[in-house]
Amino acid sequence: MAAQARSSRSKKAAAAHRPAWHDAWERLARPYQHLLCLLLLLALSLAFFAPIHFGGKQLIGSDTVNWRAMAQSVIAYRDSTGTEPLWATNAFAGMPAYMISYPAKVPQIDNLLGWLRGFLWPTSHFFFLLAGMYGVVVYLTRRPLAGVLAAVAYGLTTYIPIILKAGHNSKFIALCLAPWLVLAFVHVLRQPRLLSGLLFAVALAANLRAGHVQITYYVTFLLGLWWVGEGIAAWRAHRWAGFGRATGWLALGSVLALLMIAQPYWPVYEYKQYTIRGGSEVTGREEGLDWDYAMGWSQAPGELITLLIADAYGGGSPTYWGPKPFTEGPHYVGGIVLWLALLALWRRRERTVWIIGGGTLLMILFSLGSYFPLLNRFMFEYFPLFDAFRVPETWLSTAALGLALLAALGAGWLFVASRQGRPRSLRPAYQLWLGLTGLVLVLWLARGSLFSFERPGEVAQLAQQVAAANNVPPDDPRLLQVVRQYVAQQRTERAERFGRDAQRTLLFLLLAGGLLWLYDRQRLPGWGATAGLALLITIDLWGVGRRHLNQEVLTDAQAITELIPTYSFDHFLLERQQEVGGPGHFRILSLERSDPMTNARPSYYHESIGGYHGAKLRLFQDYIDHLFIDPTTGLPRSRALDLLSVRYVVVPAGASLPNMRVVFEDDRWRVLENPTALPRAFLVGRYEVIADLEAHRQRLLDPTLDLRQTVLLREAPGVNVVPIDSTSTARVRLVRFGPREIVWEVNTDAPRLLVVDEIYYPAGWQATIDDQPVPILQANYLLRAVPVPAGMHTVVMRFEPRSHRLGIVLVWIATLLVYGTIVLMYGISFYRKRFAKK
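Residue numbers for the sequence shown follow UniProt numbering, beginning at 1 and rising by one.
Structural data, given as structure tokens:
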């Protein structure tokens, strides 16, 4: 007791003789505090991206290049005609352009960020992220420096530079807007009124218009848990009025937000029903992804240690040694952030803290995916939209937001404890600091016993690869010895890498502990300690982030298209296209990479059956899975290529395919011509009706089926057709080809079926014959057909989705209503204040 009294007296004495600068921050007016903090965050953003803003470099990720190649036909049509194409002709034999390039047509607040993006990317959005996180914490705590701490803790978490490096720009934008959605939600809870609900609508619509629904879903999931927590509290306290009003305004804001994004989301939702993310008659799953596909890139439980030790699992590929197929890097938040977050959970017994903490923990469990089926399988099967997204580790991006908020609240607890002058109130902080530091120390010293530092099955996989390259058996003793020696060397290097980052985490924890001691001994004011912690977090996360976003990943190219290579065979194929009259006559398949279905480059130049997209049409995915490759040879089936009018196939020099001749060759590539490719539109006089898709698909592979004479349908055409013989004058001529309209001149001496080699998509494509509507039938599994009567006719197919037209109208109405009401309410408020002063 005597020692405690002496300690208390010494602290009071120290407090009485504090230097004047200890109160400098508190003496600064609050508006100037906000201005200074925001200027610091702006400077941080400009400095982090300085090589881009001041070094003449560009940040163009590989996925951005793939996107640009996929979008070329869409962008070119839009630029040349001023009309939205809605359909991409050059990828996967044609598909809706909604998830490739489909901008929102009605301007809203996010258009301002889009304008800034033109000359200040990515700071245009990154500073918005920092400012939003700052705003959330200031709104919750009224502590600007805690807001700075949260901003850097979330903004510099390694996932942000990693996704920028990869080119996941829509995901980055959605994450940047996420704090503003949280802020708008909290504002409704605290001030439940019309204006709050309208601001929530603006924030939710802006986040959705970023174009990454997965991130919006994860953030709104956290907000949903928050709403449940507030509801339970209101029920226990019998205070339903305020919560009821808040719920009503949130519901109104949500409905208005959905109306404000009817375009592009109504067509996108319509499209989803026909994609691999919608239903499937073949698999029998009514909606959502398959479990195995959705759970790809689950976070292994052991990998959660990377939240604390960045490169505990080797960092990004190729040094990564965890169970994922590959990864760009870890989800690192740092030891200081975890310490402060845990401190908030332990000491701040407040509803908001427990809600954020519970939500963050739940999202971490969701990130485990297939490693925690007890929870995730249940959610996948029963919770709305949970099965609509893949890559469970993405949950950690939202968990990082929760941890940053908790860290700010933990720092706020330290500051309050100091001001209240309780000598022993900081003991929990010391205890938690010692526990976390001790854990890192144990992990460092015992890493060889706790971790294998070897990928699952690594020796066997490497042995297979080396054996195939050297034409020796994979179980050759000498080969296995070499592989084992190599893996042993890799394990040593991985353990050293783990050790270096463990030491790094220890160093930052020790520095944070030093700040805590200075803080506790009144050598440093509360604001100084908070600023010091924010600085340490910045240095920590900045250093790890620079491993992924640095000069090496930047390019001198000033346009994305400069990074899309052109080969000599591209010129050859474009010349062949011009010879036959332009697009719409044939397609190509490029095997320049091992998997043409993950290669978007050819789609920049040609009508390709390959591409790069995560939401392909279900019919086309079934084509890839069941028709495209011959399992006995591992090569594309001739029937599959014929089906999609593939006239030319690009292969590496020296390669060949059965029954195809070389028509172009250089030192790297060959172009093979397929003589049996079907025309893009032709008449047939026979049909078979096979409603079952599985049986339909099997019949297509039957070599006795002549696709030039017979078409497979899923329903009867309702007309009698006449077979084509040698005396027939049936003829089809392409008049005009584009993404919104295709026109043919058809001459037939008897009723026949026009088979159109375009992908079947009923949600928007309409057909007319001489301006009279006719049905479009699903033909040959994934194509189209229309019945044509005898005579000379003009057949037109137009892509006019009703969801696109009406969606724009709904967005205009909702946007004018929401923004107009906000402006009117602020105008009335301003007028009243001014009138009151007079």
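No residue lacks a Cβ here, since even glycine has one placed at the ideal position from N, Cα and C.
Residue i: buried (16+ other C-beta within 10 angstroms of its C-beta) or exposed?
| i | result |
| --- | --- |
| F835 | exposed |
| R349 | exposed |
| residue 841 | Residue numbering for the chain in the displayed model covers 1 to 838; residue 841 lies beyond these limits and cannot be assessed. |
| R802 | exposed |
| S726 | exposed |
| N90 | buried |
| M792 | exposed |
| L35 | exposed |
| T598 | exposed |
| A529 | buried |
| Y32 | exposed |
| L385 | exposed |
| H238 | exposed |
Measuring only the C-alpha atoms, how far is residue i from residue j?
| i | j | result |
| --- | --- | --- |
| V735 | D622 | 31 Å |
| G242 | A233 | 11 Å |
| V282 | L693 | In this prediction, V282 has a pLDDT of 49, which is less than 50 and means its spatial position is unreliable; what the coordinates show is noted afterwards. Straight-line Cα distance between these residues: approximately 7 Å. |
| P596 | G611 | 7 Å |
| V689 | L713 | 5 Å |
| A294 | I276 | 11 Å |
| L112 | L511 | 41 Å |
| W297 | L181 | 27 Å |
| G421 | L345 | In this predicted model, G421 has a pLDDT of only 46, less than 50, meaning its place in the structure is not dependable; the value taken from the coordinates is given anyway. Whole-angstrom Cα-Cα distance: 21 Å. |
| T437 | I163 | 30 Å |
| W25 | G807 | 51 Å |
| R117 | S124 | 5 Å |
| I75 | K171 | 21 Å |
| G334 | H606 | 47 Å |
| L589 | V649 | 5 Å |
| S101 | V268 | 11 Å |
| R30 | P144 | 9 Å |
| W395 | L362 | 9 Å |
| Q58 | R497 | 30 Å |
| D770 | V732 | 15 Å |
| P19 | P525 | 10 Å |
| R120 | K165 | Looking at the sequence shown, residue 120 is not Arg but Leu. When rounded, the distance between both Cα atoms is 17 Å. |
| R699 | Q709 | 14 Å |
| W444 | G435 | 14 Å |
| P330 | G315 | 6 Å |
| T83 | V152 | 42 Å |
Can you tell me where the alpha helix (DSSP H) with residue i in it begins and where it stops?
| i | result |
| --- | --- |
| F380 | P373 to Y382 |
| W67 | S62 to T81 |
| V442 | R427 to L445 |
| A203 | L194 to R209 |
Could you spell out the range, first to last residue, of the beta strand (DSSP E) harbouring residue i?
| i | result |
| --- | --- |
| G791 | G791 to F799 |
| F737 | R731 to F737 |
| E673 | W669 to E673 |
| A648 | Inspection of the sequence shows that residue 648 is occupied by Tyr rather than by Ala. Start and end: V646 to P652. |
| L753 | R752 to V756 |
| R714 | Neither: R714 is in no beta strand (DSSP E) and is coded neither H nor E. |
| A151 | No beta strand (DSSP E) contains A151, which is instead part of the alpha helix (DSSP H) from P144 to G155. |
| residue 839 | What is shown of the chain runs 1 to 838, which leaves residue 839 out entirely. |
| F498 | From DSSP, F498 is part of no beta strand (DSSP E) but of the alpha helix (DSSP H) over P477 to D520. |
For chain C, find out if any of its Cβ atoms is closer than 8 Å to the Cβ of residue i; answer yes or no.
| i | result |
| --- | --- |
| V466 | Of the chains in the structure shown, none is chain C; there is only one protein chain. |
Under the criterion of a Cβ to heavy atom distance below 7 Å, does residue i qualify as lining the ligand GDP?
| i | result |
| --- | --- |
| G359 | Ligands in the displayed structure: none, and consequently the ligand GDP is not present. |
I want to know whether the stretch 189 to 196 touches the stretch 204 to 213 - three or more CB-CB distances under 8 Å. no
Three or more C-beta pairs below 8 Å linking the stretch 462 to 475 and the stretch 297 to 313: no
Whether or not the stretch 578 to 587 and the stretch 736 to 751 are in contact is what I'm after, with contact meaning three or more pairs of Cβ atoms, one per stretch, closer than 8 Å; do they touch? yes
Below 8 Å, can you find three or more Cβ-Cβ pairs linking the stretch 753 to 773 to the stretch 781 to 792? yes
Segment contact, 8 Å Cβ cut-off, at least three pairs: the stretch 53 to 65 with the stretch 551 to 565: yes
4-residue-minimum alpha helix (DSSP H) runs that sit fully inside the stretch 536 to 598, ordered along the chain: 568 to 579
Please confirm if the stretch 145 to 158 is in contact with the stretch 424 to 433, defined as three or more CB-CB distances below 8 Å between the two stretches. no
Run through the stretch 157 to 186 for me and flag every whole alpha helix (DSSP H) of 4 or more residues, listed as ranges in chain order. 159 to 166
Is it a yes or a no for the stretch 612 to 632 touching the stretch 757 to 770, going by three-plus beta-carbon pairs under 8 Å? yes
At 4 residues or longer, and completely inside the stretch 305 to 369: list those alpha helix (DSSP H) runs for me, N to C. 335 to 347 and 351 to 367
Count the C-beta pairs between the stretch 214 to 231 and the stretch 385 to 395 that are closer than 8 Å, then say yes if the count reaches three, no if not. yes
I'd like to know if the stretch 659 to 673 and the stretch 700 to 708 are in contact, where contact means that at least 3 CB-CB pairs between them fall below 8 Å. no
Could you check whether the stretch 250 to 258 touches the stretch 194 to 206, counting it as contact only if at least three pairs of C-beta atoms, one from each stretch, sit closer than 8 Å? yes
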